[in-house]
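Here the structure comes first, spelled out in structure tokens, and everything after it is commentary.
In my numbering, the protein residues as written are 2 to 229.
So, in structure tokens, the structure goes:
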């Protein structure tokens, strides 16, 4: 008898029991008494019934879902806020009647609406055209070549060389920054740079969708005024 029992226990592995229960999820509905008999260890050191453990697990899962929901609500509010700021910027750029007005509107809007401590637009061209222009072959821009190759914003802590090229006149330390390529098709127009004194304001993990849209809006406004 003992030998038969041992053989049965060996044949009925934990994996087999788990697989059978998964394929018969209504088993405990037909054997409710087992819910009070089965005991599971608890973090407090005692033991609780299977149904108590299940209730506790469901409560934990609900708390996790509530946190995720709150995160989604916060993200939705942030996206709505960014959309409104983008709308205001677009309207301001549409009213700008010159390149200088475009650049002034960009700086004003991004400082106030996007909470940037530093806003700089470096346009590629003849430096004699104005203070915002820098020669396309300027060695200072070598560290930013990847921006035009990838056509993607660069977020986070930029290198000292990159910060010097983009924000040489920053009167406060730049702890985090964003560099956005400005393009007109395949034509390189320049670079938009945002800097912050907060090291968490701009970071590599932040979404770049709105920043990409920002670059497209400013690129269109700049390209239009350069052609005028």
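Glycine residues also receive a C-beta, built at the ideal position from the N, C-alpha and C atoms.
Go through its chain and collect everything with a Cβ distance to residue i's Cβ below 7 angstroms, but skip five positions before and after it.
i, result
"residue 190", "124, 125, 183, 184, 220, 223, 224"
"residue 99", "226"
"residue 174", "198"
Report all residues from its chain with a CB closer than 8 angstroms to the CB of residue i; omit the five preceding and five following residues, and keep chain order.
i, result
"residue 15", "none"
"residue 114", "86, 89, 90"
"residue 6", "Residue placement at residue 6 is poorly supported in this model, since its pLDDT is 48, which falls under 50; the coordinates are not used for a value here."
With 16 as the cutoff for other CB atoms within 10 Å, does residue i come out buried or exposed?
i, result
"residue 154", "buried"
"residue 216", "buried"
"residue 197", "buried"
"residue 106", "buried"
"residue 118", "buried"
"residue 17", "exposed"
"residue 34", "exposed"
"residue 142", "buried"
"residue 66", "exposed"
"residue 74", "exposed"
"residue 163", "buried"
"residue 92", "exposed"
"residue 192", "buried"
"residue 166", "buried"
"residue 94", "buried"
"residue 148", "buried"
"residue 21", "exposed"
For residue i versus residue j, is the C-beta distance shorter than 8 angstroms?
i, j, result
"residue 128", "residue 135", "yes"
"residue 144", "residue 160", "yes"
"residue 194", "residue 168", "yes"
"residue 111", "residue 133", "no"
"residue 212", "residue 181", "yes"
"residue 157", "residue 203", "yes"
Mapping DSSP to helix, strand and coil, what is residue i?
i, result
"residue 99", "coil"
"residue 83", "helix"
"residue 190", "strand"
"residue 13", "coil"
"residue 215", "helix"
If you drop the 5 nearest sequence neighbours on each side, which residues of the same chain put their C-beta closer than 6 angstroms to that of residue i?
i, result
"residue 3", "Residue confidence for residue 3 is low, a pLDDT of 48 falling below 50, so the modelled location carries little weight and cannot support an answer."
"residue 84", "none"
Is there at least one non-hydrogen atom of the ligand ATP closer than 7 angstroms to the beta-carbon of residue i?
i, result
"residue 32", "Absence of the ligand ATP from the depicted structure is noted, as is the absence of any ligand whatsoever, leaving it without description."
Q: Please list the segments of the beta strand (DSSP E) lying wholly inside the stretch 154-186, counting only runs of 3 or more residues, in order along the chain.
A: You should have 155-157, 177-185.
Q) In chain order, which continuous runs of the beta strand (DSSP E) of length 3 or greater are located wholly inside the stretch 104-146? A) The stretch 104-146 contains these whole beta strand (DSSP E) runs: 119-125.
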